[in-house]
Amino acid sequence: MKIVIADHLEQEVISGLKQLGECIVTPPDLSSALKEADVLIVRSATKVTESLLELAPKLKIVARAGVGTDNIDLHACQKRNIKVVNTPNASTNAVAEFTLALILCFCRKIHLADSSMKNKKWIKKELMGTELEGKTIGIVGFGRIGSLVALKAKSLGMNVLIYDTKATSSSLGKTATLEELFAQSDFVSLHLPATAQTYKLVNARLLSLMKKTAVLINTARGSIIDEEALYDVLSKNMIGGACLDVYENEPYQGKLCELPNVILTPHIAGSSAEAQRKIGQELIQILKEEFSR
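Residue 71 is where the sequence shown starts when you use my numbering, and the numbers rise one by one after that.
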């Protein structure tokens, strides 16, 4: 098996993959490397388009080292009988923890305290924070990550509202309509895949329902939010703020960078040492199973 690794993977993972076949790691000329490839491994940087697949006549598997497959043309793969696999479980805890880290950072103004101290300013009154206990978090999308965020939020004494097209009840919280969730939550956390149905789901109408103090958190996919509508409500202080780790176009350098009531991070929710090891282990196991068939 010839395996082309297009994006960065930990060395430990590459060593494991080399036991499965010949590996070409981040080749300078991807098109040339794909000519003999049986497997293509990507993260989020490489876009697996139909034109890219045309360069790989022998390709059997496209493996996404991560959760989403929105950077892969699934229809084009299906037409060519190329199997698409991913590692949906590996980064679940990392993203759930990061979601709550963003909320805690925003509420206790840790980011502002850090920058003020580094600017040799000792300010306290301006950094008055709020506590999470007793507040309501609305979780949009109640899969692996969303349900784990709910569990961790409950342990902090938070109330949980849930919106999911498949979830009808849960011991972790109350189900609600999307409109009820946006109107009643102190924090709205998004945990949905990027699909045609979720594209710009969070629009001006939903944002207008949020409390003036409410905070929107997105560690899922940037395309879920209408960024222009979000900028509008944030710039007018119509909601309390936003914490964003993902964007419709990455790397992001847009207008949201100008606003003080936003915490922005560069798509790192799943970037923990533990998650990277788990991704590697899950990826190797999946490929072993595929090769043995």
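Each residue gets a CB set at the ideal place from its N, CA and C atoms; glycine is no exception.
Under the rule that 16 or more other beta-carbon atoms within 10 Å means buried, what is residue i, buried or exposed?
i: Ile-247; result: According to the sequence shown, residue 247 is Thr rather than Ile. With fewer than 16 other Cβ atoms within 10 Å, it is exposed.
i: Ile-338; result: exposed
i: Lys-205; result: buried
i: Asp-184; result: exposed
i: His-145; result: exposed
i: Asp-288; result: Reading off the sequence shown, one finds Asn at residue 288, where the question assumed Asp. Under this definition Asn-288 is a buried residue.
i: Gly-324; result: exposed
i: Lys-358; result: exposed
i: Lys-88; result: exposed
i: Ile-232; result: buried
i: Arg-275; result: exposed
i: Thr-116; result: buried
i: Lys-306; result: exposed
i: Ile-193; result: exposed
i: Asp-143; result: buried
i: Ala-343; result: exposed
i: Asp-99; result: exposed
i: Ser-259; result: buried
i: Glu-328; result: exposed
i: Leu-172; result: buried
i: Gly-208; result: buried
i: Ala-107; result: buried
Taking a contact to mean a Cβ-Cβ separation below 8 Å, would you say residue i touches residue j in this structure?
i: Phe-176; j: Ile-333; result: yes
i: Gly-136; j: Asn-159; result: no
i: Val-210; j: Thr-169; result: no
i: Glu-92; j: Ile-75; result: no
i: Asn-273; j: Ala-299; result: yes
i: Leu-79; j: Gly-350; result: yes
i: Lys-224; j: Gly-199; result: no
i: Ile-215; j: His-261; result: yes
i: Gly-310; j: Ser-161; result: no
i: Asp-234; j: Phe-257; result: no
i: Tyr-322; j: Ser-293; result: no
i: Lys-222; j: Ala-164; result: no
i: Gly-86; j: Pro-263; result: no
i: Val-112; j: Asp-140; result: no
i: Lys-153; j: Glu-360; result: yes
i: Val-109; j: Ile-94; result: no
i: Arg-347; j: Glu-120; result: no
i: Ser-255; j: Ala-284; result: yes
i: Glu-297; j: Leu-326; result: yes
i: Arg-150; j: Leu-125; result: no
i: Leu-366; j: Glu-203; result: With the chain represented from 71 up to 363, any question about residue 366 goes unanswered, as that position is not in the structure.
Using 8 Å as the limit for Cβ to Cβ distance, is residue i near chain D?
i: Ser-305; result: Annotation note: the requested chain D is absent from the structure, which comprises a single protein chain.
With DSSP as the reference, please indicate the residues paired to residue i in a beta bridge.
i: Arg-134; result: Val-112, Asn-156
i: Glu-92; result: Lys-72
i: Ile-173; result: According to DSSP, which records beta bridges pairwise, Ile-173 is partnered with nothing at all.
i: Ser-240; result: Gly-243
i: Leu-334; result: Leu-314
i: Val-285; result: Phe-257, Gly-311
i: Ile-142; result: Val-118
i: Val-272; result: Ile-295
Unbroken stretches of the alpha helix (DSSP H), 4 residues or longer, contained in the segment 199-237: Taking only runs of at least 4 residues, the alpha helix (DSSP H) segments lying wholly in the segment 199-237 are 214-225.
Contact the segment 313-328 vs the segment 273-292: 3+ CB pairs below 8 Å: With three or more CB-CB distances shorter than 8 Å, the segment 313-328 counts as touching the segment 273-292.
Entirely enclosed alpha helix (DSSP H) segments - the segment 290-315, minimum 4 residues: 297-305
Segment contact flag, the segment 179-195 with the segment 240-255, C-beta cutoff 8 Å, min 3 pairs: no
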